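Protein chains in written order, with the working numbering: chain U, 121 to 292; chain C, 699 to 980.
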């Protein structure tokens, strides 16, 4: 499938999943599971940082429009897009990313996914919750929110990939 | 000049990053000035429509509870009807409607989307500019205070609920009348705080808290909640009061938007109070 069409479909599906389902799950203790960082993470390797940030910004604005956060998600998405190439460079395998077509847990392996996506998710969530409350005396509360939300977002992203990405497509 | 271009090329990525952050964060921090951002909220037609569809699916799950609430409210209203009162003196006491001008008008609305777990919580309701809603009007439910209209779209609007930073609703104690401002610390969606009450005023536990009606957004006497905890703040002569709020934001479905007919007059009058002149420092 054309990579542009594929990502456009993903764009819509991720927005719907985040807006209609995840934004309504409010189990308390500040746990806020986010699936949309996975979209930014799964954008093609070849994209430069600037187009990556622009796409993330637009994507974040759409998420914002559904959750009434007025730019907070857009800001966090841009932060994540900014750090993605840095983390990828830092974790690049021996033969680089030449032969890899798509970014997911199958093509890159579990350990690589854990480190790269885990780090990016941590950056994203920290930025999100810190900017959201923006008060120093709520520091502990922010830490609780991050500590609960990052693992749940991570597990959810893993689950989504296990369910929706078939293992056969991978070219190695 | 060449140096400048070289500089831009070198830090191109970082500059784009900073630019996007400035756009996003300025929108987040001072969104009230960005009227065009109304498109980017659930007051817009597409998002509101989508939430409408979802509400059409999910409303049935709460039908029983909603019915019970409406029945209860009906009973309350029926008690207030003239028919349910017995006229003691048929000749002398007459209710003159000319003595009572209507001050507050109510419009019912359905909540099609809301949150209670974020730092600032908003709800989307299904009435908007087409119905004459304006920014700054109060919103209540049958149980108590809900929030203030924050953004108005064509046929949807967004309400900033009392579970938000800097919401500052004018509240007072039903017994005693001490008044302060309602705040929310972002932790428990059932507990709010009241600040600004001096700790030489005695306040008992389980005192009912009502709106004061001072800002003209809500009428006086709308229930807010009940005082559950009382502590004095160290180093300040103020109470730290915890209020269990009357409305449960996890199950809210129907609200009323309040219009104060005399709000403009009140604001105009209060605007005539001369501002305090700052004393010149020596």
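Ideal placement from N, C-alpha and C gives every residue a C-beta, glycine not left out. Since we're looking at a predicted model, the values are computed, not measured.
Around the Cβ of residue 705/C, are there at least 16 other Cβ atoms within 10 angstroms (buried) or fewer (exposed)?
Exposed is the call here.
C-beta neighbour in chain U for residue 884/C, strict 8 Å
Yes, its Cβ sits closer than 8 Å to a Cβ of chain U.
Per-residue DSSP class, three states only, for residue 942/C
The answer is strand: DSSP assigns residue 942/C an E or B state.
Using a Cβ-Cβ cut-off of 8 Å, state whether residue 175/U counts as contacting chain C.
Residue contact with chain C for residue 175/U: absent (no Cβ-Cβ distance below 8 Å to any residue of chain C).
Rounding to the nearest angstrom, what Cα-Cα distance links residue 192/U and residue 820/C in this structure?
Looking at the two C-alpha atoms, the distance is approximately 14 Å.
Can you give the beta carbon distance from residue 859/C to residue 746/C, rounded, assuming they're within the 8 Å contact cut?
Their Cβ separation, rounded to whole angstroms, is 17 Å, which puts residue 859/C and residue 746/C out of contact at 8 Å.
Can you confirm whether the region 880-895 of chain C touches the region 938-949 of chain C when touching is taken to mean that 3 or more C-beta pairs between the two stretches lie within less than 8 Å?
The region 938-949 of chain C makes contact with the region 880-895 of chain C; the number of CB pairs closer than 8 Å reaches 3 or more.
With a 10 Å radius around its C-beta and 16 neighbouring C-beta atoms as the bar for buried, classify residue 881/C as buried or exposed.
Label assigned to residue 881/C: buried.
Which word fits residue 196/U, buried or exposed, when buried means at least 16 other C-beta atoms lie within 10 angstroms of its C-beta?
Around the Cβ of residue 196/U, a 10 Å sphere holds 16 or more other Cβ atoms; the residue is buried.
Cross-chain neighbours of residue 752/C in chain U, by beta carbon under 7 Å
What residue 752/C touches in chain U: 140.
Is the distance from the Cβ of residue 839/C to the Cβ of residue 952/C below 8 Å?
Result yes, Cβ atoms of residue 839/C and residue 952/C sit closer than 8 Å.
Go to residue 891/C, then tell me how far its beta strand (DSSP E) extends in each direction, as first and last residue.
Counted as a single uninterrupted DSSP element, the beta strand (DSSP E) harbouring residue 891/C occupies residues 889-893.
If we count Cβ pairs, one from each stretch, closer than 8 Å, do we get three or more for the region 830-837 of chain C versus the region 747-766 of chain C?
Because the criterion of three Cβ pairs below 8 Å is not met, the region 830-837 of chain C and the region 747-766 of chain C do not touch.
Compare the C-beta of residue 745/C against all C-beta atoms of chain U and say whether one is closer than 8 Å.
Cβ-Cβ to chain U under 8 Å: yes for residue 745/C.
Output, in chain order, the set of chain C residues within a Cβ distance shorter than 8 Å of residue 198/U.
Residues of chain C passing the Cβ test: 715, 718, 719 and 722.
Kindly indicate which three-state DSSP category residue 984/C falls into: helix, strand or coil?
Residue numbering for chain C in the displayed model covers 699 to 980; residue 984/C lies beyond these limits and cannot be assessed.
How should residue 960/C be labelled, buried or exposed, when 16 other C-beta atoms within 10 angstroms of its C-beta is the threshold for buried?
It counts as exposed.
What residue range does the alpha helix (DSSP H) around residue 237/U cover?
Residues 230-253.
Integer Cβ distance of residue 923/C from residue 851/C, believed to fall under 8 Å:
Actually they do not touch by this definition, with Cβ atoms about 30 Å apart.
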